[in-house]
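A.B. asks: Got a structure for you, written out below as structure tokens; questions coming shortly.
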Amino acid sequence: MSQKEKSNKRDKVSQSYVTIVNTGEKYVIRDTEAGSKAWVPIVIDEGVQVEVVQVDKGLINYLPKGEEICDNLVFTLQNSKGPQITWIIELKGSKNPKEAKHAISQIEESIQHLQNEELCPSGMKYIEKRDYVMAAIVGAPKKTIPIMNDDEIKSLCRKLRRMSGKRVRDMFSLFCQIRLADTCKTVQRRGDRPPYEYTCYNKTGTYINFPSELMKGIM
124 MSQKEKSNKR DKVSQSYVTI VNTGEKYVIR DTEAGSKAWV PIVIDEGVQV EVVQVDKGLI
184 NYLPKGEEIC DNLVFTLQNS KGPQITWIIE LKGSKNPKEA KHAISQIEES IQHLQNEELC
244 PSGMKYIEKR DYVMAAIVGA PKKTIPIMND DEIKSLCRKL RRMSGKRVRD MFSLFCQIRL
304 ADTCKTVQRR GDRPPYEYTC YNKTGTYINF PSELMKGIM
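If you read the sequence shown in our numbering, its first letter stands for residue 124, the second for the next number, and so on.
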């Protein structure tokens with residue numbers, strides 16, 4: 124059996140790695156299998172329906188041991204009032220600077236796999252003909268990851284801009300970092316210019332409105 128035939132067989136297996144989230148619903152994106160203590164709480168905007176996709180060991184499940192990719196992505200199935208978006212997410216609980224920088228390469232590796240139609244036949248669905256392809260790194264509570272500077276994320280942001288159908292004035296607005304703080308009562312966006320940092324925390328009911336909150340930072 125060829126690699127493509129094997130991939131097609133895998134692709135027909137139950138897609139338990141996809142969760143549909145509808146208008147007004149709240150959802151907390153986690154990676155319990157990997158034991159990450161980071162998460163992203165989102166609430167879906169009116170007129171929007173999304174797929175929350177487990178990427179690692181879900182959509183992409185053929186990696187050799189030791190190779191690491193991102194955790195999840197959020198994909199708008201429909202958005203009656205705005206753009207179609209793919210948001211690639213890496214849940215990085217560590218505050219170690221080296222670990223945080225490794226998250227960038229994990230996202231880039233994930234994009235390469237999504238573009239590989241032979242090994243990941245469903246991958247291109249999530250990144251082609253999108254108005255915006257965006258990415259985020261998320262820290263765990265009390266383990267805030269260091270802020271990435273322009274040089275560290277330049278290559279990734281160039282890839283995101285090339286995949287985005289709509290023009291952005293500042294490619295760094297396609298990337299953000301998320302901090303979880305148990306004292307946060309409303310979502311806060313910090314920074315004078317992109318890349319921005321968002322602060323939220325789901326136990327206090329502080330969810331990121333998706334995708335409208337991210338659209339506020341697009342430049």
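Quick reminder that beta carbons are idealized off the backbone N, C-alpha and C, glycines included.
#1: Can you look up M294 in the DSSP assignment and give me helix, strand or coil?
#2: What is the C-beta distance between K282 and I234, in whole angstroms, given that I count them as a contact (C-beta under 8 Å)?
#3: Below 6 Å CB to CB, which residues in the same chain sit around P334 once its five sequence neighbours on both sides are set aside?
#4: Does the contact criterion of 3 or more C-beta pairs under 8 Å hold for the segment 178 to 190 versus the segment 240 to 251?
#5: Kindly indicate which three-state DSSP category R281 falls into: helix, strand or coil?
#6: Please report the Cβ distance between M342 and P317, rounded to the nearest whole angstrom; I am assuming they are in contact, meaning their Cβ atoms lie under 8 Å.
#7: Do I227 and I276 come within 7 Å of each other at the CB atom, strictly closer than that value?
#8: Which runs of the alpha helix (DSSP H), 4 residues or longer, sit entirely within the segment 218 to 265?
#9: Keeping to the same chain, check which residues put their C-beta closer than 6 Å to that of Y324; ignore five residues upstream and five downstream.
#10: Under a three-way DSSP split, which group does L186 fall into?
#11: In the DSSP assignment, what residue or residues form a beta bridge with N195?
#12: If L279 sits next to A258, beta carbons under 8 Å apart, how far is it from one beta carbon to the other, in whole angstroms?
#13: Classify M294: buried if its beta carbon has 16 or more other beta carbons within 10 angstroms, exposed otherwise.
#14: Tell me S159's beta-bridge partners as DSSP assigns them.
#15: D273: buried (16+ other C-beta within 10 angstroms of its C-beta) or exposed?
#16: Find out if the Cβ-Cβ distance for the pair V389, L196 is shorter than 7 Å.
C.D. replies: Judging by the given coordinates:
#1: The three-state reading of DSSP puts M294 in helix, counting H, G and I together.
#2: 6 Å
#3: I208
#4: Verdict: yes, contact present.
#5: helix
#6: Indeed they touch by this definition, with Cβ atoms about 6 Å apart.
#7: yes
#8: 220 to 237
#9: Contacts found: L303, A304, D305 and C307.
#10: coil
#11: Q177 and I212
#12: L279 to A258, Cβ: 6 Å. Contact.
#13: buried
#14: BP columns for S159 are empty, so no partner.
#15: exposed
#16: Missing from the structure shown is residue 389; the chain here goes from 124 to 342 and no further.
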